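Asker:
Residue numbers (the UniProt record's numbering), protein chains in the order written: chain A, 1 to 591; chain B, 1 to 759.
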């Protein structure tokens with residue numbers, strides 16, 4: 001008799017009825033593992049963790065409802081259809097009927113994923129929330145070399161590239177970018193759209209290499225879904241700007257690998273066209289012909305415009321935008337009235353994305369650039385290599401890190417440390433909450449002070465009183481209210497800690513005092529027990545420890561486990577902080 | 001449109017020239033060339049030139065040939081390219097060319113050598129001239145190269161044979177052809193940079209010379225690459241010219257009559273047509289392409305139709321961890337591990353090794369590609385579709401807030417907290433102590449076989465008895481009139497007269513301890529215990545069949561229970577001192593460990609290894625209650641003076657508080673000792689209880705029991721009493737007892753000292 005014997009006629013219950021293993025699911029759905037994987041990936045179905053694993057610990061369990069959900073998926077039928085169709089093609093080929101095979105191949109059944117996207121992300125915000133992985137993947141595949149072996153077609157790489165550029169153009173144009181971080185792995189960007197923080201990683205613009213220990217089939221299935229998702233999202237975003245999607249780009253700029261610039265010009269042109277259109281009555285015949293035609297024409301017109309005045313175009317549209325939140329305004333005006341010129345060796349794509357996102361104007365060395373190097377109004381020249389030909393006195397030559405640091409600090413940092421040829425200050429991650437981590441790098445302190453100074457000059461906030469402004473601690477957080485609140489909380493915490501410490505001190509004092517009193521009052525026998533000074537200290541610390549440990553006795557086992565785990569985590573954190581501080585001390589001593 | 005027109009124009013001029021038999025081609029070249037600069041027009045130009053020179057030759061050498069011949073030579077003769085190039089290059093060349101053209105027949109044999117060595121193109125041209133002079137024979141071949149003898153005559157041998165020689169082969173006369181000086185790379189590079197036409201030059205290794213590809217040849221190559229006919233003006237699909245003269249034919253080719261099938265419509269064709277028709281009707285064949293739906297559209301346009309998700313709740317994938325400072329390309333220096341630390345990583349297990357080692361790059365352009373990008377992305381993909389997702393609540397609280405809020409210890413005073421007295425005298429471990437009910441004396445027993453009585457206040461040892469065996473337990477009679485002591489050691493239970501108290505009391509005691517009229521016990525009881533007089537100390541010895549593990553007096557001081565590690569009915573017996581009677585009323589499951597009388601009512605508690613059973617002494621057949629401790633091995637037990645609460649200590653260092661009105665499960669379990677608990681004790685009047693353990697500590701707790709049944713007892717740990725030596729060879733506190741009236745605690749240590757802790 002099996003271990004869990006179920007009498008005949010009695011249905012399964014509980015976890016046994018609610019979950020099934022993967023192989024059971026395969027049998028149930030009558031698909032092979034590859035197809036099952038694809039279905040799971042596109043449907044977004046993942047294994048579940050049953051409370052009791054009926055079949056054992058080494059199985060993957062899926063919820064029965066999830067499997068039923070897959071079973072009713074029309075895509076399953078579609079995949080089967082495709083499979084049988086491919087068999088037809090193979091048969092035709094085997095019979096040397098090339099003509100039939102060709103005809104069959106032209107009419108292959110196709111499938112669409114749009115319904116699935118709607119199903120998985122019922123609202124636009126849902127889609128934005130899960131966009132991180134999508135963007136990271138699309139951006140990575142945009143720089144991969146096409147490969148026959150991995151079945152990665154050139155078409156798809158181009159599509160990824162296109163999609164990523166469209167996304168970046170939108171973000172840049174709407175000043176939604178918030179943070180940038182250049183890491184060894186690539187460049188992290190964080191944008192904020194509709195209240196969702198979207199972070200993605202773009203690899204450095206260097207040839208990527210394929211690795212063998214990666215299953216490209218799985219990756220390409222993911223990519224297929226992500227491409228579709230991003231296309232729909234881009235459509236929605238462009239639609240919200242009143243710009244036609246997919247964009248028609250200037251082929252000349254595209255050929256020069258300045259897609260981003262081309263896109264931004266396209267967007268500018270289209271949105272301007274839209275805004276102008278209602279005002280002009282019937283002056284131009286092209287507009288009466290229909291929206292699309294006028295769009296096209298505008299795009300074409302745009303191409304013929306002299307390339308030296310993108311800024312002028314920008315201002316035209318910038319004026320009419322009204323509703324923007326505080327952050328966007330700050331981001332938008334960061335590089336206002338600054339003109340940048342990129343040298344050859346700096347990461348152009350990244351900077352072309354970042355600088356306009358923060359309101360700056362940018363040009364680069366090469367054809368199709370909006371303005372040339374000898375433009376007198378250029379304020380900053382971004383350069384990475386120390387030697388350069390002619391140095392203009394009217395501009396500052398800074399290294400690209402300056403841009404990223406300015407963006408993260410949201411102020412214009414002084415350029416002395418970033419001038420070309422200087423050793424750069426450290427580039428710090430904007431995603432770290434230094435206070436929570438417990439370790440604040442020196443340069444973060446410096447930036448904070450600069451921020452505080454800048455805020456003091458520019459905008460004393462209405463909500464903050466004068467005393468608070470004078471307090472340098474508070475000033476640091478003056479700009480962002482949440483930050484200020486955090487600081488407040490931290491300070492109260494600190495105060496509490498101090499109070500507690502004081503209490504402990506008192507306790508110790510008391511204990512030693514009482515011990516002393518007793519010893520004085522007792523007779524000879526007791527005198528032998530008078531501990532010596534050092535012993536007393538040890539005893540006192542022991543007592544303090546005991547006192548601290550007392551409440552632990554009364555905790556439930558669960559709470560005690562939790563408490564211990566938390567303590568362990570804290571300890572680990574303290575350890576890393578201590579290590580960092582030790583290294584910093586050593587470095588300082590070495591200097 | 002323009003180029004074709006131009007082409008036509010060129011052809012026009014060609015025809016004209018052909019007909020006119022032009023005298024001076026050079027001026028025509030000069031006229032056209034400077035004007036036309038673009039490549040496309042140049043092509044036509046070349047054609048024009050071609051035809052010009054060609055016709056020139058024809059005029060010179062083969063004036064009598066056919067028109068078609070002219071056409072053919074134009075197409076197939078590539079030697080013309082040479083001449084064309086020459087004309088382009090300069091006047092001198094063209095002049096030379098002209099010379100060749102004129103003197104062809106004369107100079108070919110004579111100075112062939114020279115010219116060939118100087119310029120192969122010239123040679124080729126010579127050959128071609130020759131060919132053209134020889135007539136149509138040469139036209140058969142497509143390539144002039146075949147006809148022109150190469151400069152080098154070594155034949156088809158590997159060139160590496162001549163690698164180390166100074167010559168590359170032999171010319172037609174058998175003379176060595178010396179190698180050209182090799183230019184060094186820099187020079188050749190500079191030359192190539194200077195000369196814009198350099199890219200057209202190809203090194204002919206076999207003949208060791210630079211061959212320049214002419215424009216015409218370029219066009220030819222380009223066309224070949226496209227898979228077209230090599231010459232632009234070759235028409236692959238000429239209109240068919242029917243050369244056969246049909247007018248003269250009188251007889252048909254075949255005299256057979258025309259077959260019938262020529263006039264009848266074909267059945268098979270009809271069938272096929274029918275098939276198609278049917279297919280069209282069925283809609284299998286469609287002529288108009290299906291309308292292409294837009295690939296992307298506003299998917300979230302109709303946000304109103306927000307249908308409810310019917311399937312399981314979607315758990316969004318957790319976001320990736322944000323990069324910290326250490327992942328920066330240019331982190332602060334303190335994030336970079338030192339060399340020693342890096343070396344220590346090597347010694348670690350692979351799992352423990354940090355995944356990412358910070359590294360510093362001085363500039364953005366020096367960052368290399370990240371090798372693990374694909375792997376990390378792939379791992380993420382796997383996580384997304386293979387990892388079970390569970391919603392977990394992240395607790396973001398201060399760990400200190402988890403600790404229960406305890407009342408201040410100050411408010412719970414008095415309680416014993418510091419050692420006040422030590423009672424020294426025993427030589428072995430002090431295993432047991434007992435307080436007299438007045439609180440003036442304590443008795444202690446030790447492994448050295450001695451039982452001592454001490455005065456509490458002074459620490460003076462009043463009395464000592466020496467026995468042969470190690471003392472297991474001592475217990476004062478709780479009745480104040482009878483200051484007698486029960487001492488358990490081995491199998492014997494000795495009732496001792498302590499000789500404290502007034503004379504009248506002594507009288508009573510002596511009377512009590514007389515064993516004169518012992519009733520005859522039942523056989524079953526006699527097997528368990530036998531009453532014997534103790535001549536040495538003037539008391540009674542009750543000898544049991546097994547070692548005694550615990551004893552307890554009834555509150556009235558007449559009954560005394562002893563516990564032995566034996567099952568069934570023999571484990572716990574109750575002796576009545578006044579009647580010298582022994583009973584074994586309880587039927588016990590398992591081995592009893594310890595037993596207690598209820599402080600006020602007629603109940604009896606027996607602790608076996610895991611459970612505590614409560615018996616009603618008036619009705620002892622079945623236990624009234626069973627308390628489940630959930631502990632592995634009970635070592636001790638104490639009852640609250642109120643009688644409703646019980647603490648049980650275990651050998652795993654846990655202590656249970658039972659509220660017997662509440663439940664048969666522990667109200668609270670405290671894990672306070674790392675080692676075995678040896679004894680637990682309640683204070684008789686103060687809300688205090690204590691536990692002692694083999695880890696050399698004793699805990700004092702505040703344990704307040706409220707009269708209100710709704711309120712749970714309050715338990716607060718107060719103090720950890722240390723002081724007994726923590727020697728490794730079986731140290732520890734073996735017993736603890738409270739003073740009956742004062743909040744003082746006595747502890748008996750394995751270091752043969754008894755300590756008194758006061759408030």
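The beta carbon of each residue, even a glycine, is placed where N, CA and C say it ideally should be.
Quantities reported herein were computed from a predicted structural model and do not represent experimental measurements.
Would you please verify whether the beta carbon of residue 633 (chain B) is less than 7 Å from any beta carbon of chain A?
Answerer: no
Asker: So, with DSSP's three-state summary, where would you put residue 242 (chain A)?
Answerer: coil
Asker: My output table needs one value for residue 190 (chain B): the three-state DSSP class, helix, strand or coil.
Answerer: helix
Asker: Is the beta carbon of residue 677 (chain B) sitting closer than 7 Å to the one on residue 725 (chain B)?
Answerer: no
Asker: If you measure between the beta carbons of residue 146 (chain A) and residue 157 (chain A), is that distance less than 7 Å?
Answerer: yes
Asker: I'd like to check one pair, residue 180 (chain A) with residue 189 (chain A): are the Cβ atoms closer than 7 Å?
Answerer: yes
Asker: Looking at the C-beta of residue 48 (chain A), does it have a partner C-beta in chain B at a distance below 7 Å?
Answerer: True, the Cβ-Cβ gap to chain B drops below 7 Å.
Asker: Residue 85 (chain A) versus chain B: which residues are under 7 Å apart at the beta carbon?
Answerer: Simply none; closest approach about 15 Å.
Asker: So, is residue 826 (chain B) buried or exposed, given that buried needs 16 or more other C-beta atoms within 10 angstroms?
Answerer: Within the shown structure, residues of chain B are numbered from 1 to 759, placing residue 826 (chain B) beyond reach of any answer.
Asker: How long is the line joining the alpha carbons of residue 460 (chain A) and residue 201 (chain A), rounded to whole angstroms?
Answerer: Residue placement at residue 460 (chain A) is poorly supported in this model, since its pLDDT is 44, which falls under 50; the coordinates still yield a value, given next. Each residue's alpha carbon lies about 35 Å from the other.
Asker: Compute the distance between the beta-carbons of residue 384 (chain B) and residue 118 (chain A), then report whether it is under 7 Å.
Answerer: Going by beta carbons, residue 384 (chain B) and residue 118 (chain A) fall outside the 7 Å limit.
Asker: Looking at C-beta atoms only, is the number of pairs between the region 534-543 of chain B and the region 483-499 of chain B that lie closer than 8 Å three or more?
Answerer: These segments touch.
Asker: For residue 345 (chain A), return the contacting residues in chain E, with the cut-off set at a CB-CB distance below 7 Å.
Answerer: Absent from the structure is chain E; the protein chains it does hold are A and B.
Asker: Can you give the Cα-Cα distance for residue 127 (chain B) and residue 251 (chain A), rounded to whole angstroms?
Answerer: Confidence at residue 127 (chain B) is low in this model, with a pLDDT of 40, below 50, so its placement is unreliable and no value can be given for it.
Asker: Counting only C-beta atoms, is residue 432 (chain A) closer than 7 Å to chain B at any point?
Answerer: yes
Asker: Using beta-carbon positions only, say whether residue 597 (chain B) and residue 552 (chain B) come within less than 7 Å of one another.
Answerer: Yes, they are a contact pair.
Asker: Could you tell me which of A:98, A:185, A:177, A:206 sits nearest to residue 195 (chain A), measuring between CA atoms?
Answerer: A:177
Asker: Is the shortest distance between the beta-carbon of residue 462 (chain B) and the beta-carbons of chain A less than 7 Å?
Answerer: no
Asker: Taking C-alpha atoms, which residue in B:360, B:734, B:528, B:326 lies nearest to residue 441 (chain A)?
Answerer: B:326
Asker: Would a C-beta distance cut-off of 7 Å place residue 716 (chain B) and residue 402 (chain B) closer than the cut-off?
Answerer: no
Asker: Compare the C-beta of residue 324 (chain B) with all C-beta atoms of chain A and state if any pair is closer than 7 Å.
Answerer: It does: the Cβ of residue 324 (chain B) has a partner Cβ on chain A nearer than 7 Å.
Asker: Which residues in chain A have a C-beta closer than 8 Å to the C-beta of residue 413 (chain B)? List them in chain order.
Answerer: Neighbours of residue 413 (chain B) on chain A: none; closest Cβ ~11 Å, over 8 Å.
Asker: Taking Cβ-Cβ distances shorter than 7 Å, what residues in chain A pair up with residue 300 (chain B)?
Answerer: 123, 124, 236
Asker: Kindly list, in the order they appear in chain B, the residues whose Cβ is closer than 8 Å to that of residue 208 (chain A).
Answerer: The contacting residues are 369, 373, 374.
Asker: In the DSSP assignment, what residue or residues form a beta bridge with residue 747 (chain B)?
Answerer: B:736, B:755
Asker: Where do the ends of the alpha helix (DSSP H) carrying residue 570 (chain A) lie?
Answerer: Boundaries of the alpha helix (DSSP H) around residue 570 (chain A): 557-590.
Asker: So with CB distances below 9 Å, who are the chain B contacts of residue 554 (chain A)?
Answerer: 403, 404, 406, 668, 670, 715, 716, 717
Asker: Just tell me which of A:261, A:197, A:224 has its CA closest to the CA of residue 366 (chain A).
Answerer: A:261
Asker: Within the same chain, show all residues whose beta-carbon is closer than 6 Å to that of residue 116 (chain A), passing over the 5 residues directly before and after it, in chain order.
Answerer: 42
Asker: Indicate the three-state DSSP secondary structure (helix, strand or coil) for residue 617 (chain B) in the structure shown.
Answerer: Assignment of residue 617 (chain B) by DSSP, reduced to helix, strand and coil, places it in the coil class.
Asker: Residues in its own chain within less than 7 Å of residue 92 (chain A) by CB, not counting five upstream and five downstream?
Answerer: Counting only residues of its own chain and dropping the five nearest sequence neighbours on each side, residue 92 (chain A) has a CB closer than 7 Å to the CB of 100, 101, 104.
Asker: In chain A, what lies closer than 8 Å to residue 355 (chain B) by C-beta?
Answerer: Chain A residues near residue 355 (chain B): none, gap ~11 Å exceeds 8 Å.
Asker: Rounding to the nearest angstrom, what Cα-Cα distance links residue 77 (chain A) and residue 31 (chain A) in this structure?
Answerer: 11 Å
Asker: Given a threshold of 16 other Cβ atoms within 10 Å of its Cβ, counted over all protein chains shown, does residue 184 (chain A) qualify as buried or as exposed?
Answerer: buried
Asker: What span of residues does the alpha helix (DSSP H) with residue 339 (chain B) cover, start to end?
Answerer: 339-347
Asker: Helix, strand or coil for residue 476 (chain B), going by three-state DSSP, please let me know.
Answerer: strand
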